[in-house]
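Numbering (UniProt numbering), first residue to last: 1 to 134.
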């Protein structure tokens, strides 16, 4: 599994939290850290071939950066079929924004919005095929 932020997000606590949570659930995690340029995320995903890519953002610009980077990931044969999820504070529009649908349309497999809690993320993880640990 790869955990990453988007290029514009300098926050790290969310990434550390996700890494620890996923490791506690038995997953192997490569945490790329904060302010990850699109090219670096794509390159590492092509190199590592993870079973899942988890993108987290808390700066309110995650949707804009996320749409761009998921299109890049979907544009390479090595990463096109890897499940990619995004979560956190993804926009500044608040309740009723259209970020969720636009991110799914852009190519994300799931979107976990700020304030929704971890239950839906946990359900998504449990729905993955057995053996998703890298």
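C-beta atoms are modelled at their ideal positions from N, C-alpha and C, and glycine is treated no differently.
Given the structure is predicted, the values throughout are model-derived calculations rather than measurements.
**Message:** Using CA atoms only, rank isn't needed, just tell me which of 10, 43, 88 and 84 is closest to residue 51.
**Reply:** As a working mapping, residue 51 is identified with position 51 in the chain shown. Residue 51 has its Cα closest to that of 84, out of 10, 43, 88 and 84.
**Asked** Roughly how many angstroms separate the alpha carbons of residue 39 and residue 119, rounded to a whole number?
**Response** Reading the chain shown from its first residue, position 39 is the one you call residue 39. Reading the chain shown from its first residue, position 119 is the one you call residue 119. If you take the alpha carbons of residue 39 and residue 119, they lie about 31 Å apart.
**First through last residue of the alpha helix (DSSP H) which encompasses residue 122** = Stepping through the chain shown from its first residue, residue 122 is reached at position 122. Run containing residue 122: 119-127, per the alpha helix (DSSP H) assignment.
**Request:** State the DSSP-derived secondary structure class of residue 93, mapped to helix, strand or coil.
**Result:** Taking the first residue of the chain shown as position 1, residue 93 is located at position 93. Three-state DSSP puts residue 93 in coil, outside helix and strand.
**Message:** Just to confirm before moving on: does the CB-CB distance between residue 62 and residue 93 stay below 8 Å?
**Reply:** Counting from 1 along the chain shown, the entry for residue 62 is found at position 62. Counting from 1 along the chain shown, the entry for residue 93 is found at position 93. Not in contact: residue 62 and residue 93 (Cβ atoms no closer than 8 Å).
**Message:** Classify residue 105: buried if its beta carbon has 16 or more other beta carbons within 10 angstroms, exposed otherwise.
**Reply:** For this step, residue 105 is matched to residue 105 along the chain shown. By the neighbour-count rule (16 or more Cβ atoms within 10 Å), residue 105 is not buried but exposed.
**Closest by C-alpha distance to residue 58, when choosing among 35, 47, 1 and 26** = Sequence index remark: in the chain shown, residue 58 carries index 58 (1-based). The residue with the shortest Cα to Cα distance from residue 58 is 35.
**Asked** Which whole-angstrom value is the C-beta distance of residue 91 and residue 60, which I expect to be below 8 Å?
**Response** Working through the chain shown from its first residue, we reach residue 91 at position 91. Working through the chain shown from its first residue, we reach residue 60 at position 60. Contact check for residue 91 and residue 60: beta-carbon distance about 6 Å, within the 8 Å limit, so the pair qualifies.
**Item:** Rounded C-alpha distance that separates residue 47 from residue 41
**Value:** The residue labelled residue 47 in the question sits at position 47 within the chain shown. The residue labelled residue 41 in the question sits at position 41 within the chain shown. Whole-angstrom Cα-Cα distance: 10 Å.
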